[in-house]
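Counting in this note's numbering, the sequence shown runs from -13 upward without gaps.
Even glycine gets a Cβ: it sits at the ideal position worked out from N, Cα and C.
In this text, all values refer to a predicted model and were calculated from it rather than measured experimentally.
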Amino acid sequence: MKTKHLIVGAGLSGLYTAYQLEKMGKDYLLLDARERIGILQEQKPHEKMVAI
């Protein structure tokens, strides 16, 4: 998979960055150590996230 934008961490900042890139129509990859996103937020799977 090729992408120009790599986001490390699916906490609040990473999710906000992914949200902004999605709004701009940009391709990105979201990496996190767990299979679920968010810390205090309701945790849901994300189709562009890869657990590392």
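For residue 13 and residue -10, the rounded distance between their alpha carbons: Going from the Cα of residue -10 to the Cα of residue 13 covers about 7 angstroms.
field: Sheet register partners of residue 15 (DSSP bridge)
entry: According to DSSP, residue pairing for residue 15 in a beta bridge involves -8.
query: Count the other CB atoms within 10 Å of the CB of residue 0; is the residue buried (16 or more) or exposed (fewer)?
result: So residue 0 counts as buried.
query: Considering only C-alpha positions, which residue in the set 18, -2, 23 is nearest to residue -8?
result: Nearest to residue -8 by C-alpha distance, out of 18, -2, 23, is 18.
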